[in-house]
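J.:
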Amino acid sequence: GAGVSQSPSNKVTEKGKDVELRCDPISGHTALYWYRQSLGQGLEFLIYFQGNSAPDKSGLPSDRFSAERTGGSVSTLTIQRTQQEDSAVYLCASTRVQMNTEAFFGQGTRLTVV
Amino acid sequence: AQSVTQPDIHITVSEGASLELRCNYSYGATPYLFWYVQSPGQGLQLLLKYFSGDTLVQGIKGFEAEFKRSQSSFNLRKPSVHWSDAAEYFCAVRISGGYNKLIFGAGTRLAVHP
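Residue numbers (the working numbering), protein chains in the order written: chain A, 2 to 115; chain B, 1235 to 1348.
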């Protein structure tokens, strides 16, 4: 596609439910990042994929968070047993592997846990 | 640990005034540095980047940034601010060393007075 696509754009879920957030990166971009942006806060790094591998999962806040990437393309971020503190905008970005290339961001998924 | 610091959480300037947003990074090797802007309701957009060569880089929308290795800084500047520049600005560093992490600062929110 022309840009990074994230779905859904908005998600309201009840506390304790599981949610899946999807990211479709730009075709040919092998690197993919997930970030969390809480209200008025910066971008908190969650996880990075190179191809289908996640060499850096250090930012995942707890074991309720997991992510996968298949076919070197689509990625899914799953949050199990959601809590109110999980409410945030989840941003996905993709980039080519070269260090000097910019990351392109999706519009994000706004997650609200009620 | 690698980090990016934006000391100013919020800055207010008058339209037409000059602007400087500060960014300091902590990273042992040569960094790949980026500035992104996030306008209200918009995704993140790249303003400019530095990875080698001339330490003064030009970006879009009249912005420029200067890399100073001795100060571990990459400050963003604009000679004359426009009301449309009101947004949140994020400094980021991409690091290598086995994986390819992209770390963001906490952001600086810019308000512009008429």
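Think of the CB as a built atom: it goes at the ideal place given N, C-alpha and C, for glycine as much as any other residue. Bear in mind that the values here come from a model prediction, so they are computed numbers and not experimental data.
If you compare alpha carbons, which of A:96, A:66, A:14 is closest to residue 37 of chain A?
T.: A:66
J.: Under the assumption that residue 1320 of chain B contacts residue 1268 of chain B (Cβ atoms under 8 Å), give the Cβ distance between them as a whole number of angstroms.
T.: In fact, because the Cβ distance is near 20 Å, the residues do not count as touching under 8 Å.
J.: Taking the alpha carbon of residue 1322 of chain B as the reference point, which residue from B:1244, B:1238, B:1314 has its own alpha carbon closest?
T.: B:1244
J.: Do you know whose CA, among A:15, A:8, A:89, lies nearest residue 47 of chain A's CA?
T.: A:89
J.: Measure the alpha-carbon distance for residue 112 of chain A versus residue 1329 of chain B and round it to whole angstroms.
T.: 29 Å
J.: State buried or exposed for residue 86 of chain A, treating a residue as buried only when at least 16 other CB atoms are found within 10 Å of its CB.
T.: Exposed, by the Cβ-count rule.
J.: What is the DSSP secondary structure of residue 1304 of chain B, reduced to helix, strand or coil?
T.: helix
J.: Give the DSSP-derived three-state secondary structure of residue 1294 of chain B in the structure shown.
T.: helix
J.: State buried or exposed for residue 82 of chain A, treating a residue as buried only when at least 16 other CB atoms are found within 10 Å of its CB.
T.: exposed
J.: Does residue 1314 of chain B come out as helix, strand or coil in the three-state DSSP assignment?
T.: coil
J.: Just the Cα atoms here: how many angstroms apart are residue 188 of chain A and residue 1288 of chain B?
T.: Outside the displayed span of chain A (2 to 115) sits residue 188 of chain A, for which this structure offers no information.
J.: Would you say residue 1261 of chain B lies against chain A (beta-carbon separation less than 8 Å)?
T.: So, not an interface residue.
J.: Can residue 1238 of chain B and residue 1337 of chain B be called in contact, C-beta distance under 8 Å?
T.: yes
J.: Return the CA-CA distance between residue 24 of chain A and residue 1297 of chain B, expressed in angstroms with no decimal places.
T.: 30 Å
J.: Please list the segments of the alpha helix (DSSP H) lying wholly inside the segment 66 to 91 of chain A, counting only runs of 4 or more residues, in order along the chain.
T.: none
J.: Tell me, to the nearest whole angstrom, how far the beta carbon of residue 74 of chain A is from that of residue 26 of chain A; I am working on the premise that it is less than 8 Å.
T.: 6 Å
J.: Quick one: give me the first and last residue of the beta strand (DSSP E) that residue 1242 of chain B is part of.
T.: Careful: residue 1242 of chain B lies outside any beta strand (DSSP E) and carries neither H nor E.
J.: How many whole angstroms separate the CB atoms of residue 1240 of chain B and residue 1342 of chain B, which I take to be in contact at a CB cut-off of 8 Å?
T.: 5 Å
J.: Residue 77 of chain A and residue 22 of chain A look like a contact to me (Cβ under 8 Å); what is the Cβ gap, rounded to whole Å?
T.: 7 Å
J.: Is any beta-carbon of chain B found at less than 8 Å from that of residue 90 of chain A?
T.: By this cut-off, residue 90 of chain A is not an interface position.
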